[in-house]
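A.B. asks: Before anything else, here's the structure in question.
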Amino acid sequence: PAPSLATATSAGANSAVYSAPTRSAPEEALLIAGYSAAVLLSTVGNLTVIVVVTRGRQCRTDLRGFLLSLAVADLLIGCFCLPFTLVNVLYRRWPLPDILCKLVSYCQLVAVTSSVLTNMAIGFDRFWVPAADLQSVRAVIVALWTASLLLSSVQLRVSGKYATGGGGPDDPHNGAAAASDNETASVVVVEMCREHWHSPGIQRAYSVFVLVLTYLLPVSVLCATYAAIGRKLWTRTLPGNADSARDQQHVRAKRKASFS
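Going by our numbering, the sequence shown runs without a break in its numbering and finishes at 262.
Below, the structure is given as structure tokens:
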């Protein structure tokens, strides 16, 4: 099993070393196999998309830039989210250097934010400008990646490897004190990769801003744009003179497309 030792320290208290509860070997093997498969599929799949989109002659459309942006963002998620999440799951602490904690937190937020903003941009593009020129698409992609990099840069400041109090061998992360025979408390200290804010108010404001930008706004935009697109397609009539047989066939085709 993966080692997960935490040193217990407290001022004027007994010190002890507790081993955090570990998973069985089959559980760890299953976790490693599952995460490894996800990383492999994500890497191979997104690299394939990048190669096909950049070299394929049939992809010379305004969507090509957005597809590349999505593939790069998803590739970052596969490389920086999944492997380090596995480390936390296995060790139940952050055994890596502090600088890696900052970089991983930064890259994770960049990947998620850029992916979400790209999807929102695709919704705008399909509704407002179905045939946008490539220069406009490039400008939009540069803008959304710049916004993602700037928004995520906060993580380089607030994220780090910080000690978290724990309460003993059964639960080293709950912050409680374990009483010894002479009623002196011993506290387990576990180093975790997490955010540390000096102002709770700024933390709440930043969290709300990220929530709005990466969830509420994109969901609202996508729901509105795709609902409008669907409504426009459903109510569209065929050009030319009226033909009942042709119109009925068109209605059946729209119904089939709606429920397929």
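C-beta atoms are modelled at their ideal positions from N, C-alpha and C, and glycine is treated no differently. What you are looking at is a predicted structure, and each value in this text was computed from that prediction instead of being measured.
1. When DSSP labels each residue in this structure, what does R57 get in the three-state scheme?
2. What is the rounded straight-line gap between the Cα of V106 and the Cα of T115?
3. DSSP has V192 in a bridge; who is on the other side?
4. Rounded to whole angstroms, how far is the Cβ of Y228 from the Cβ of G125, which I believe are closer than 8 Å?
5. Would DSSP call S161 helix, strand or coil?
6. Express the C-alpha separation of L235 and V55 in angstroms, rounding to a whole number.
7. State the beta-bridge partners of E197 as determined by DSSP.
8. Leaving out the 5 sequence neighbours to the left and right, which residues in its chain are closer than 8 Å to V144 when beta-carbon positions are compared?
9. Is the region 192-199 touching the region 158-165 in the sense that three or more CB pairs, one from each, lie closer than 8 Å?
10. For the candidate residues V142, R159, D76 and C83, whose alpha-carbon lies nearest to that of I52?
11. Between the beta-carbon of G82 and the beta-carbon of T120, is there less than 8 Å?
12. P28 to V91, Cα distance in whole Å?
13. Measuring only the C-alpha atoms, how far is V156 from L111?
14. Output needed for L146: all residues of its chain with C-beta closer than 7 Å, excluding positions within five of it in sequence on either side, in chain order.
15. Going by alpha carbons, who is nearest to Y93 out of Q205, E30, I101 and L224?
16. Return the chain-ordered list of same chain residues with a C-beta closer than 8 Å to the C-beta of I231, the five sequence neighbours on each side being excluded.
17. Which first and last residues belong to the alpha helix (DSSP H) in which W1 is found?
18. Confirm, please, whether the CB-CB distance from L78 to C2 is below 8 Å.
19. Which stretch, first to last residue, makes up the alpha helix (DSSP H) that contains G125?
20. Buried or exposed, going by whether 16 or more other CB atoms sit within 10 Å of the CB of S138?
21. Tell me whether the beta-carbon of L84 lies closer than 8 Å to the beta-carbon of A35.
22. With distances taken Cα to Cα, identify the nearest neighbour of L49 among L70, R66, R206 and I101.
23. Would you report the Cα separation of Q205 and G58, rounded to the nearest angstrom?
24. For A229, is the beta carbon positioned less than 7 Å from some heavy atom of the ligand GDP?
25. Assuming the contact rule is C-beta atoms closer than 8 Å, P99 and V89 should be a hit. Round their C-beta distance to whole Å, please.
C.D. replies: Taking the coordinates as given:
1. helix
2. 14 Å
3. T166
4. 6 Å
5. strand
6. 28 Å
7. S161
8. none
9. yes
10. D76
11. Note that residue 82 is Phe in the sequence shown, not Gly. Cβ atoms of F82 and T120: not closer than 8 Å.
12. 14 Å
13. 10 Å
14. S116, L119, T120 and A123
15. E30
16. R128 and F129
17. It is not possible to answer for residue 1, since the shown part of the chain is limited to 3 through 262.
18. The requested residue 2 does not occur in the structure, where the chain is confined to residues 3 to 262.
19. D100 to W130
20. exposed
21. no
22. L70
23. 45 Å
24. Absence of the ligand GDP is noted for the structure shown, with no ligands found whatsoever.
25. P99 to V89, Cβ: 12 Å. No contact.
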